[in-house]
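Residue numbers (the numbering used here), protein chains in the order written: chain A, 355 to 478; chain B, 781 to 943.
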Amino acid sequence: MNKFEYFVENNPDGTKKSHWGYMFSKDTIIIQDYISHHEISINLSANNSWTYTTPKTIETKNSFCRGIEISSQDYTMSIYVHDPKILDDVITTANLDLVCNNATTRLRIPYKLAIALMKIMASS
Amino acid sequence: MKHIAPFLLVTKMSSMQVFDKQGTTEFGFTFTNFAGIGWKALFMQGLVLIQDLSNSTMFKVQYPKDKHWTYTKAELSFCEGSICKGGIISNEHFTLSVDVPEEPINSEFDPEFYETHDKGYLCLNIGTASTSIDIPSRFAHNLIKFMEGSTDLDNVIDVHKSK
């Protein structure tokens with residue numbers, strides 16, 4: 355995947371609720387929030403490909419927490435979503451964590467975006 | 781630094797050691813703006829933590845306690861049509877930069893309008909990764925003031941300070 359893909363959610367009145375762009379390529383990973391102006395970018399060295407793992411699903415009081423991680427020697431990027439035990443509960447957000455050396459950055463992202471990113475990470 | 785938001789043009793910098801100047805070893809504060817958006821910042825030897833109070837955004841950097849960061853003042857620059865001032869703290873492990881449009885100097889200046897319409901920018905660089913986010917303008921001003929060596933900040937609560 356060497357071009358930007360976009361994720362858009364609209365409010366009932368047609369205005370944008372969320373608008374994100376993301377790109378996974380051999381050289382870089384970029385994830386951008388066009389509304390809140392948040393951005394994560396990682397430059398990848400040529401001989402430093404990443405691998406992915408799927409940590410064990412964790413059961414909490416009200417949900418099942420599942421995630422995926424991609425990592426190389428420089429960083430680990432993980433995405434976690436909570437799936438509610440009661441189907442009537444609607445969870446609309448997920449967490450994106452980026453860990454580099456001893457630094458952690460966390461952004462909250464839309465649930466459906468997290469699912470899309472998890473599929474890309476698992477298929478690469 | 782490896783990355784600056786593309787709308788910034790920083791031309792010249794000067795440096796000083798904040799820890800040497802202030803003697804501050806630990807400082808934290810909670811900030812809430814007119815719109816009710818809250819952020820928390822904690823600076824310790826070996827730790828920098830900045831997060832919003834809804835816990836949806838967080839920057840946390842841990843580094844060896846003896847590796848104090850150095851403050852660098854960025855000269856005025858243009859960002860999104862405004863003149864911005866900026867501050868940068870860095871050591872060999874990370875670079876954290878803050879930029880914010882300067883407050884206009886005139887009698888019609890409305891702090892509430894400024895806070896709800898202008899934004900500050902926070903950027904963290906670690907190795908080959910960078911993360912940038914928008915933050916409330918007054919929070920950005922406070923971060924820069926602290927980076928410059930002051931602990932006399934605006935609109936903050938729960939200030940924690942020790943030497």
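Glycine residues also receive a C-beta, built at the ideal position from the N, C-alpha and C atoms.
Taking a cut of 8 angstroms between CB atoms, which residues from the stretch 395 to 411 of chain A lie near chain B?
Ser-395, Ile-396, Asn-397, Leu-398 and Ser-399
Assumed close pair Asn-813(B), Pro-881(B) - CB separation to whole angstroms, cut-off 8 angstroms
At roughly 15 angstroms, the Cβ-Cβ gap does not stay under 8 angstroms, so Asn-813(B) and Pro-881(B) are not in contact.
Quick one: what does DSSP say Glu-413(A) is sitting in, helix, strand or coil?
strand
Can you name the residues that DSSP bridges to Thr-875(B)?
DSSP lists Ser-870(B) and Asn-905(B) as partners of Thr-875(B).
Tyr-429(A) versus chain E: which residues are under 9 angstroms apart at the beta carbon?
As a matter of chain content, chain E is missing from the structure shown, whose protein chains are A and B.
Have a look at Leu-398(A), His-391(A), Asn-365(A) and Ile-433(A) and flag the residue whose alpha-carbon is nearest the alpha-carbon of Phe-378(A).
The option with the nearest alpha carbon to Phe-378(A) is Leu-398(A).
Can you name the residues that DSSP bridges to Leu-450(A)?
Ile-433(A) and Leu-461(A)
What does DSSP give as the partner residue(s) for Ser-425(A) in the beta ladder?
Within the DSSP secondary-structure output, Ser-425(A) pairs in a beta bridge with Thr-405(A) and Thr-430(A).
Length of the line joining the Cα atoms of Met-781(B) and Ile-396(A)
Its pLDDT being 38, under 50, Met-781(B) is placed unreliably in this model, and the value from its coordinates should be taken loosely. Using only the alpha carbons, I get a separation of about 15 angstroms.
Please classify Lys-473(A): is it buried, with 16 or more other beta-carbons within 10 angstroms of its beta-carbon, or exposed?
exposed
For the alpha helix (DSSP H) holding Phe-919(B), just list the boundary residues, first then last.
917 to 928
Kindly indicate the opening and closing residues of the beta strand (DSSP E) around Gln-825(B).
Element bounds for Gln-825(B): n/a, residue is neither H nor E.
Grouping DSSP H, G and I as helix and E and B as strand, with all else coil, what is Asn-364(A)?
strand
Could you have a look at Ile-474(A) and say whether DSSP puts it in helix, strand or coil?
helix
Sorted by chain position, which residues of the same chain lie with C-beta nearer than 7 angstroms to Ile-382(A)'s C-beta, five sequence neighbours on each side aside?
Sequence check: residue 382(A) is Thr here, not Ile. Answer for Thr-382(A): Ser-395, Ile-396, Asn-397 and Leu-398, listed in chain order.
If contact means a Cβ-Cβ distance below 7 angstroms, which residues of the stretch 440 to 455 of chain A contact chain B?
Leu-452, Cys-454 and Asn-455
Using C-beta distances below 8 angstroms, list every residue in its chain close to Ala-476(A), excluding the 5 sequence neighbours before and after it, in chain order.
Tyr-406, Thr-408 and Ile-422
Give the residues of chain B in contact with Ser-379(A), contact being defined as C-beta atoms less than 8 angstroms apart.
Under a criterion of Cβ atoms nearer than 8 angstroms, no residue of chain B is adjacent to Ser-379(A); the nearest Cβ is some 14 angstroms distant.
State the DSSP-derived secondary structure class of Ile-384(A), mapped to helix, strand or coil.
strand
Work out the CA separation of Thr-430(A) and Arg-460(A) for me, nearest whole Å.
Taking the straight line joining both Cα atoms gives about 12 angstroms.
Rounded C-alpha distance that separates Lys-357(A) from Ala-457(A)
28 angstroms
Residues, ordered as in the chain, of the stretch 819 to 833 of chain B that lie near chain A by beta-carbon distance below 7 angstroms
none
Along the beta strand (DSSP E) that carries Ile-394(A), what are the first and last residues, could you check?
392 to 397
Mind pulling the chain B residues with CB within less than 8 angstroms of Ala-457(A)?
Those are Phe-839, Lys-840, Val-841, Gln-842, His-873, Phe-874, Leu-904 and Ile-906, listed as they occur along chain B.
What does the alpha-carbon distance come out to for the pair Leu-452(A) and His-940(B)?
28 angstroms
Could you tell me the alpha carbon to alpha carbon distance between Gly-368(A) and Leu-876(B), rounded to whole angstroms?
37 angstroms
Anyone know if the C-beta pair for Tyr-376(A) and Leu-471(A) falls short of 8 angstroms?
yes
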